[in-house]
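This report refers to the structure that appears directly beneath it.
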Amino acid sequence: MNNYAKLEVYIDDNVVFYTVRRYIDNKPDPFTETQKFFNTLKTLGKTPESDIMTALLKTLSRVRVRKEMVRHESRVDAFLPYGKQLRQIFPTMSLDKFDKVRLYLYRLNDYDVVLMNGGIKSTDLAVSNCKDVYPHFLFANKIGRLLDKQISNGDIDASHFYHCHQDIELPI
Amino acid sequence: MKQNKAIFKTQIPEVTQYEIERRMEKSILLAEKIKTIMDARQIKNVDLAGKLGIQPSTISKWLTGFHNFTWSTILRIEHVLEEEIVSLNNFNEAFSIEVKIDTTVNCCMPVGSQIHNKVALHELNSKTLFFANISLNEEDEEMSQIKNYG
């Protein structure tokens with residue numbers, strides 16, 4: 010079995026959002042990890058969450074993704090940093106569970122961000138107690154570790170990530 | 103009372119996707135503008151917090167891009183940073199669009215004193231609303247007397 014993950018461009022603007030596609034035995038997964046995240050929200054009928062995440066990515070792609078804008082999740086980060094703060098800008102929306110939405114990402118810098126999968130945490134406890142989101146947390150951290158390693162080895166030139174991302178193959 | 107609140111909640115209209123996008127955009131861009139000014143002037147969160155008399159953590163929350171700023175807060179920040187964050191200076195330009203006046207169709211022109219620098223609503227028979235940018239000078243005087251042009 011030859012299983013690996015490759016990176017693809019998801020949104021190409023001032024910020025480049027990449028995403029990850031799994032290859033199982035050299036066969037590409039029909040959906041990228043981020044597509045799967047949005048598919049999950051749709052399946053759950055989570056329209057406001059889906060709209061907010063789409064609007065967030067669209068807006069951030071025009072500016073930059075600063076570290077204050079993400080939530081620290083072990084080796085990787087996640088959107089959104091303060092789900093409860095969304096109440097301030099969307100006071101009339103029912104956002105009771107919005108602070109439980111996680112979209113995992115690996116931030117190389119303010120302008121290169123690798124988006125992965127995520128979901129809606131079904132518990133108030135740590136993510137390890139949520140069977141829906143925890144596998145994505147583990148996978149995102151695995152990808153994060155592999156990217157960290159390749160960058161520190163010099164196998165990946167982080168300053169020219171846009172030009173070399175297609176050559177990156179991460180064993181999974 | 104609780105029942106009234108429940109009724110009130112059900113009457114709140116759904117937030118449209120357009121509204122979500124605009125709110126998200128304005129909120130993030132406002133935070134980004136503040137951060138850009140701070141970076142350009144090498145002002146740290148602690149410095150800004152000190153000048154505003156608030157906790158540095160509050161500045162961090164503002165800069166996440168998910169804060170609903172009040173005008174009062176914006177004005178205080180503008181005062182401390184000595185730079186306008188939200189500008190309405192181009193207010194006049196926003197309401198005047200240069201346009202070609204089609205003389206082959208009937209249009210109503212305001213007369214005399216009604217014409218200033220920025221005029222004028224010309225509702226043509228196509229029901230399209232036109233805005234014209236007209237300056238009054240001596241040559242325009244004659245034109246300004248024409249009520250029904252065309």
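Chains as they are written, first to last, in our numbering: chain A, 10 to 181; chain B, 103 to 252.
We treat Cβ as the ideally placed atom computed from N, Cα and C, and that holds for glycine.
- At a beta-carbon threshold of 8 Å, the residues of chain B lying near residue 72 of chain A are 130, 131 and 134, ordered along the chain.
- Against chain B, a Cβ distance below 7 Å from residue 65 of chain A picks out 126.
- Looking at the DSSP output, residue 88 of chain A sits in a beta bridge with A/112.
- Each residue's CA atom was taken as its position, placing residue 100 of chain A and residue 130 of chain B some 16 Å apart.
- Secondary structure note for residue 130 of chain B: it is in no beta strand (DSSP E), and the uninterrupted alpha helix (DSSP H) holding it is 119-142.
- Closest by C-alpha distance to residue 59 of chain A, out of A/88, A/24 and A/135, is A/88.
- For residue 162 of chain B, the closest Cβ of chain A is nearer than 8 Å.
- In the three-state scheme derived from DSSP, where H, G and I count as helix and E and B as strand, residue 117 of chain A is classed as coil.
- Residues are counted here when their Cβ sits less than 7 Å from a Cβ of chain B; for the region 99-133 of chain A these are 99, 101 and 102, given in chain order.
- Residue contact with chain A for residue 188 of chain B: absent (no Cβ-Cβ distance below 8 Å to any residue of chain A).
- Residue 140 of chain A sits exposed, since fewer than 16 C-beta atoms from the chains shown fall within 10 Å of its C-beta.
- In this structure, DSSP gives residue 180 of chain A an extended state, which the three-state scheme calls strand.
- Close partners of residue 117 of chain B in chain A (Cβ separation under 9 Å): 57, 60, 99, 101 and 102.
- Taking C-alpha positions only, residue 52 of chain A is separated from residue 62 of chain A by approximately 15 Å.
- Chain-order list of chain B residues neighbouring residue 69 of chain A: 130, by C-beta distance under 7 Å.
- Per the C-alpha coordinates, the member of A/167, A/138 and A/43 positioned closest to residue 117 of chain A is A/167.
- Where residue 60 of chain A is concerned, there is no enclosing beta strand (DSSP E), although the alpha helix (DSSP H) around it starts and stops at 56-69.
- By alpha-carbon distance to residue 189 of chain B, the top candidate from B/135, B/121 and B/126 is B/135.
- Its chain contains 90 as the residues whose beta carbon lies nearer than 8 Å to that of residue 77 of chain A, once the 5 sequence neighbours on both sides are disregarded; these appear in chain order.
- Listed by position along chain A, the residues whose Cβ is nearer than 8 Å to that of residue 122 of chain B are 57, 60, 61, 64 and 99.
- Note on geometry: alpha-carbon atoms of residue 25 of chain A and residue 167 of chain B lie some 19 Å from one another.
- Within the same chain, Cβ atoms closer than 8 Å to the Cβ of residue 73 of chain A are found at 23, 24, 119 and 120, the five residues on either side in sequence being excluded.
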